[in-house]
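Following: one structure in structure tokens, then a few remarks.
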Amino acid sequence: MAPLLEIKGLKTHFATDDGMLQAVDGVDIVLNKGETLCVVGESGCGKTVTAMSILKLIAMPPGRIVEGQIIFEGRDLVPLSSSDLDDIRAKEIGFIFQEPMTSLNPVLSVGEQIAESLRRHEGLSRKDALARTVEMLKLVQIPNAEGRVHDYPHQFSGGMRQRVMIAMALACKPKLVIADEPTTALDVTIQAQILDLLQDMKERFGMAVMLITHAMGVVAETAQRVVVMYAGKVVEEADVDSLFESPRHPYTQGLIRSIPRIDLDSMHKTRLEAIGGTVPMLINPAPGCRFAPRCRHAFGLCSKQEPVLREVAPGHRMACHLGDTRGETR
Amino acid sequence: MSEPLLRVTGLKKHFSVKGGLLSREVGRVHAVDGVSFAVNRGETLGLVGESGCGKSTAARCVLRLLEPSEGKIVFDGHDVLGLSGGDLRAMRRNMQIVFQDPFASLNPRMTVGAILGEAFTIHELASSASEREDRVASLLVKVGLKAEHMRRYPHEFSGGQRQRIVIARALAVEPKFIVCDEPVSALDVSIQAQVINLLEDLQADLNLTYLFVAHDLSVVEHISDHVAVMYLGRIVELASARDLYRHPRHPYTQALLSAVPVPDPKVKRKRIRLQGDVPSPMNPPRGCHFHTRCPIAEARCRESAPELKQGSDGHFVACHLA
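Quick note, the sequences are listed as chains A and B, same order. Numbering of the first sequence is given in this note's numbering, commencing with residue 1 and proceeding in unit increments. Numbering of the second sequence is given in this note's numbering, commencing with residue 1001 and proceeding in unit increments.
Here is the structure:
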């Protein structure tokens, strides 16, 4: 079966005063129909830029897709103009942003904002669009939807605004929803509500979800498959169980071990395993593996040659020289 | 048992909301609504809760960065609310704070050396410029930075390094007590662990006492000896970290803990779904503040507010039904 979305060798760079910033530098991601894929990594790893590149939601210039293909249902989106993409945005691919306050228009009622895409894509009349909007708001469990459809974003709480965002992203029943840190700005009890809601919606509409997050706990609870990014590259990819059971890349291992966990008794008061150092600058990055300066296992080859993604177990790929018997040995 | 370093009793902080033509008071936000706790020497008390529960306000009142409306704060045998002027400044030498956002809490126009040196000048802790420089250098080393960093400006550092500078500034005056107000929530996870480890090392080396305010329950469990859970201006539960996380008694604590995502796909926990949002602190519900979202609320919960009562095992809980 052909995948729903296939990102091949994507490079998105940004022109800055100091040189080209290689925010996304050769990323391959495959997303199947109806699948939940989590893209995880720390700030600056390129996860958001990757997601934004799919629908060209990045400012161009300074940003530019330098290389690569983004194939959605057999069609490459990279060469498309912005107006061609308008037929795909919201209709085929919905987007949920991190900060619902800044991504909703403050001077339009939430109803008008949700109805906008229904009228544009489905050609509904004002009245029919309103009816569908109320239906969507009910679906995302906004109490008193008929009354609240005319309210403005500031009249909603953070969790309710994120529900509005979800209703908007799902209004045209897209095949893929990209959610960029949808719960990061929310409290933990509200985060749980929103993650449950996303899961319910996914089951109801059978859509695929690409969830961008930095929280390993969120990954473990929602993902089927996981892509770990570091400094503009994919370093590991696996199904969620194998990733947490046997993380192969030293960065993934570090990420999982550096978080305190409330479910383990024995972990209490033991020292956290921090990853030393900081994320590298992505302007003229050093050759070799980008994680090498922070990696406790790094050896000679790591600073010379860039590791490529290779399969280490069925469906489990990682980019690290460790244990690679094909090339040079240490 | 020795007297705790800090004892807070019946702390209240109300903010008036002004409105209308003559800016009359139209309402009051009960940000902190009668909170009592104690922190023992060399220990860490974690203060957790969701946004708007009053945890930061309570912590800031302890340092008198905000003036409490009511209550009593005794620090190291002194009544903090009775102090003013020079006495208050002298007291503040012993109580410092680390803020959440290391980007907003460092003056961008001052070098790191000037930021840290300022504390020595104000509290007259260094007799000469060269002594000041030596002390700044040793402070930087203590928090895992390098002495030569003193000539740089805050923007030249990453978030984690900046938080180290903020910690160094708090340590400059050799305090006994530090309020850590969400010190790691702006940092990436791998950097969070570095800063948490640093705070733990410093506590062990310098016998520091922390009041650790955070919304991340996993981090709070990791670093705290005791934990207090706040909801809408009140403490609903207070116990040793271990006891509170293993045997939570208040329905809010139980729901809060069950909502924390666990980084292990094999662990399938039963999640208690809380309905709705936190009510406005301007108009808190009668009785128990939590009754509007509580899955087990009864008639009396709507009538009278439960007191924070101590069980035989030292576990405090404020619930009629626990």
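Note that the Cβ used here is the ideal one computed from N, Cα and C, for glycine as well.
Item	Value
Might you give, ordered along the chain, the residues of its own chain that have their beta carbon closer than 6 Å to the beta carbon of residue 1302 of chain B, omitting 5 neighbours on each side?	1287, 1291
Give me the DSSP bridge partner(s) of residue 283 of chain A.	A/21
Ignoring anything shorter than 4 residues, give me the alpha helix (DSSP H) runs that lie fully in the stretch 1040 to 1115 of chain B, in order along the chain.	1055 to 1062, 1085 to 1092
For the beta strand (DSSP E) containing residue 72 of chain A, list its first residue and its last residue.	63 to 72
Quick one: is residue 74 of chain A buried, meaning 16 or more other Cβ sit within 10 Å of its Cβ, or exposed?	exposed
Show which residues of chain B have a CB atom less than 8 Å away from the CB atom of residue 241 of chain A.	1265, 1266
Just verifying my parser: in three-state terms, what is the DSSP assignment at residue 1002 of chain B?	coil
Return the residues of the stretch 1181 to 1199 of chain B that lie within a Cβ-Cβ distance of less than 8 Å from chain A, sorted by chain order.	1188, 1189, 1190, 1191, 1192, 1193, 1194, 1196, 1197
DSSP on residue 1136 of chain B, reduced to helix/strand/coil?	helix
Against residue 246 of chain A, what residues of chain B qualify as contacts under a CB-to-CB distance less than 7 Å, listed in chain order?	Chain B residues near residue 246 of chain A: none, gap ~12 Å exceeds 7 Å.
Closer than 8 Å, CB to CB, is residue 292 of chain A near chain B or not?	no
Please determine, among A/208, A/85, A/77, the residue with the shortest C-alpha to C-alpha distance to residue 37 of chain A.	A/208
Between residue 332 of chain A and residue 85 of chain A, how many whole angstroms is the CB-CB distance? I'm expecting something under 8 Å.	Chain A is shown only over 1 to 330; residue 332 of chain A falls outside these bounds and no answer can be derived.
Output yes if chain A places a C-beta closer than 8 Å to the C-beta of residue 1262 of chain B; else output no.	yes
Alpha carbon to alpha carbon, what distance is there between residue 196 of chain A and residue 203 of chain A?	11 Å
Identify every residue that forms a DSSP beta bridge with residue 1023 of chain B.	Per DSSP, none; premise fails for residue 1023 of chain B.
Considering only DSSP beta bridges, list what residue 81 of chain A is partnered with.	According to DSSP, which records beta bridges pairwise, residue 81 of chain A is partnered with nothing at all.
Whose C-beta lies closer than 7 Å to the C-beta of residue 140 of chain A among residues of the same chain, with five residues either side of it excluded?	163, 166, 167, 197
Residue 1246 of chain B: buried (16+ other C-beta within 10 angstroms of its C-beta) or exposed?	exposed
Could you confirm whether any beta carbon from chain B is found closer than 8 Å to the beta carbon of residue 274 of chain A?	yes
Among the residues of its own chain, which have a CB less than 8 Å from the CB of residue 1259 of chain B, if the five just before and after it don't count?	1271, 1272, 1274
Here's the rule: buried if 16 or more other CB atoms are within 10 angstroms of the residue's CB, otherwise exposed. What is residue 1013 of chain B?	buried
In this structure, does DSSP put residue 1290 of chain B in helix, strand or coil?	coil
What beta strand (DSSP E) runs, 3 residues minimum, are completely inside the stretch 1239 to 1307 of chain B?	none
For the alpha helix (DSSP H) containing residue 148 of chain A, name the first residue and the last one.	145 to 148
Check residue 13 of chain A in the structure and name its three-state DSSP category.	strand
Could you give the first and the last residue of the continuous alpha helix (DSSP H) run that contains residue 244 of chain A?	240 to 245
Residue 1062 of chain B and residue 1198 of chain B - do their beta-carbons sit closer together than 8 Å?	no
Which one or two residues does DSSP pair with residue 230 of chain A in a beta bridge?	A/233
Given a cut-off of 8 Å, decide if residue 274 of chain A and residue 1190 of chain B are closer than it, judged by their beta-carbon atoms.	yes
Please confirm if the stretch 15 to 28 of chain A is in contact with the stretch 270 to 287 of chain A, defined as three or more CB-CB distances below 8 Å between the two stretches.	yes
Within a Cβ cutoff of 8 Å, which residues of the same chain sit near residue 176 of chain A, ignoring the five residues on either side of it in sequence?	4, 5, 31, 72, 92, 93, 94, 207, 208, 209, 210
Within the chosen definition, does the stretch 95 to 106 of chain A reach the stretch 177 to 187 of chain A through at least 3 CB pairs nearer than 8 Å?	yes
Between which two residues does the alpha helix (DSSP H) harbouring residue 310 of chain A extend?	Taken as a continuous stretch (DSSP letters only), residue 310 of chain A belongs to no alpha helix (DSSP H), being part of the beta strand (DSSP E) at 310 to 313.
Could you tell me which whole beta strand (DSSP E) segments of length 3 or greater appear in the stretch 1157 to 1195 of chain B?	1177 to 1181
Just the C-alpha distance for residue 316 of chain A and residue 242 of chain A, rounded to the nearest angstrom, thanks.	8 Å
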